[in-house]
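Sequential numbering of the sequence shown, starting at 42, is according to our numbering. Built from N, CA and C at the ideal position, the CB exists for glycine as well. First up is the structure itself, then whatever we jot down about it.
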Amino acid sequence: MSMDIVVPCYNEEKVLTQFFEEVNYQMKDYEWKIIFVDDGSQDNTLNIIKKLSNEFTNIKYLSFSRNFGKEAAIYAGLQYSTGDYVILMDADMQDPPYLIPQMIDEIKKGNDIVATRRVTRKGEPFLRSFGARTFYKLINKFSDVEIVDGARDYRIMKREVVDSVLDLKEYNRFSKGIFQWVGYKTKWIEYENVARKEGESSWSFWELVKYSIEGLVSFTTAPLHIATIFGFIFSVIAFIALLYIVIRTMIFGNPVDGWPSLASIILFIGGIQLLTIGILGQYLSKIYLESKRRPVYIIREND
Ligand code: UDP
Ligand code: MG
């Protein structure tokens, strides 16, 4: 029974060695290898990986031609994995390696996936955790698959699950949704949030907002329906208003007043229209990118 650990790395020179040592320690009882996916790091990450791989035989790596994003790195790592089980984890120690033995125990009990979930967001800025909570509320209201609050990508999966995940070949990859979408029997392990050891989270607040919109657009078409409903409601209101004005003019003549309210109404409707076009645009851009059929990543070097 072999196990692969897939680790996306972007500028992780400060933590990589320590990360490997800890994982190595936790995995001492198993047959395993690690697949580092260097996502176009600009620092020494790749050199450190190479140095480690000279020292240890169970290290494989892929290095991208540029930064393609964590989702692409996950996809590449999973494609290169061959193990009966695959563990997916971050390099920055926010996915605590001490959970690995417990995860392996649970998967041996017959679960298909053992995934982890943070129960606190300690050490995170308020705006970020608030934003995250709102996002989960929103997406779960609209999406068919449940996106679990606090769910990490940190998980162990059986080969079948990995293959199913790889069957979803879309270009816009939203892993949190993809992992839920494929289904299977999942056991959740909860743990307290760990602050990042070194370096910085590469996510800015606006990147997170963008990521949330991606998630919504990838996993639900509800915004499109909402846009339609808006359009319908406003048409009905406009029609009633029109009737009212025509009848009023016929009875009372045409006194010229009410232009401020008119201006507000025009602005309001204009805003809704722009919003709706924006929503359409979001989906259109996704279709555009998917239709180009570009590869999800490009490998410059591997071993
Ligand atoms: N990562 C990556 N490509 C990127 C950004 C991040 O491969 O463009 C990796 C990163 O090295 C880490 C994991 O994805 O192993 C999670 O990144 P980060 O800690 O920045 O995200 P957070 O923990 O804040 O969600
Ligand atoms: Mg992190």
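Query	Result
How big is the Cα-Cα spacing for histidine 266 and aspartate 79?	40 Å
Is glutamate 233 near the ligand UDP, with its Cβ less than 7 Å from a heavy atom?	no
Only counting runs of 4 or more residues, tell me where the alpha helix (DSSP H) segments fall wholly within the region 60 to 103, in order along the chain.	86 to 96
Are there any heavy atoms of the ligand MG lying less than 7 Å away from the beta-carbon of glutamine 135, as far as the coordinates show?	yes
For serine 253, name the three-state secondary structure that DSSP assigns.	helix
CB-CB under 8 Å to tyrosine 232, same chain, minus the five flanking residues each way: which ones, in chain order?	Pro137, Leu140, Thr157, Arg158, Arg159 and Val160
Return the chain-ordered list of same chain residues with a C-beta closer than 6 Å to the C-beta of methionine 44, the five sequence neighbours on each side being excluded.	Tyr71, Trp73, Gly124 and Tyr126
Who are the Cβ neighbours of serine 326 in its own chain at under 6 Å, not counting the five residues just before and after it?	none
Of the residues Trp229, Lys101 and Met68, which one's Cα is nearest the Cα of aspartate 194?	Trp229
Which runs of the alpha helix (DSSP H) spanning at least 4 residues fall entirely within the region 157 to 224, listed in chain order?	167 to 183, 200 to 208 and 216 to 222
For isoleucine 128, report the span of its beta strand (DSSP E) as first-last.	126 to 129
Would you say asparagine 108 touches the ligand UDP, meaning its beta carbon is less than 7 Å from a heavy atom?	yes
Among Gly322, Trp222 and Val47, whose alpha-carbon lies nearest the alpha-carbon of serine 205?	Trp222
For phenylalanine 61, count neighbouring C-beta atoms within 10 Å of its own C-beta (all shown protein chains included) and say buried if the count is 16 or more, exposed if not.	buried
Just the C-alpha distance for leucine 93 and alanine 263, rounded to the nearest angstrom, thanks.	47 Å
Considering aspartate 45, what are the terminal residues of the alpha helix (DSSP H) in which it resides?	Here aspartate 45 belongs to no alpha helix (DSSP H); instead the beta strand (DSSP E) covers 43 to 50.
The ligand MG and aspartate 80: does the residue's C-beta get closer than 7 Å to at least one heavy atom of that ligand?	no
Buried or exposed, going by whether 16 or more other CB atoms sit within 10 Å of the CB of asparagine 152?	buried
Just mark proline 336 as buried or exposed, buried being the case when its beta carbon has 16 or more other beta carbons within 10 Å.	exposed
Taking the alpha carbon of glycine 312 as the point to measure from, which residue in Ile281, Ala268 and Ile339 has its own alpha carbon closest?	Ala268
Over the uninterrupted beta strand (DSSP E) stretch that includes threonine 269, give me the two end residues.	Where threonine 269 is concerned, there is no enclosing beta strand (DSSP E), although the alpha helix (DSSP H) it sits in stretches over 263 to 293.
Could you check which residue in Ile292, Gly110 and Ala279 has the C-alpha nearest to that of isoleucine 310?	Ala279
Nearer than 7 Å: is that true of the beta carbon of aspartate 84 relative to any heavy atom of the ligand MG?	no
Is it the case that the Cβ atoms of valine 203 and serine 122 are separated by a distance below 8 Å?	yes
Where does isoleucine 292 land, buried or exposed, given buried means 16+ other C-beta within 10 angstroms?	exposed
Please tell me whether isoleucine 180 and leucine 257 are closer than 8 Å, where the distance is taken between their beta carbons.	yes
Would the beta-carbon of threonine 261 fall within 8 Å of that of phenylalanine 176?	no
What number of angstroms, rounded off, separates the C-alpha of isoleucine 197 from the C-alpha of glutamine 83?	29 Å
Thinking C-alpha only, which one of Tyr225, Ile115 and Arg107 is nearest isoleucine 148?	Tyr225
Is methionine 198 close to chain C, meaning its C-beta is less than 8 Å from at least one C-beta of that chain?	Among the chains in the structure shown there is no chain C, since it carries only a single protein chain.
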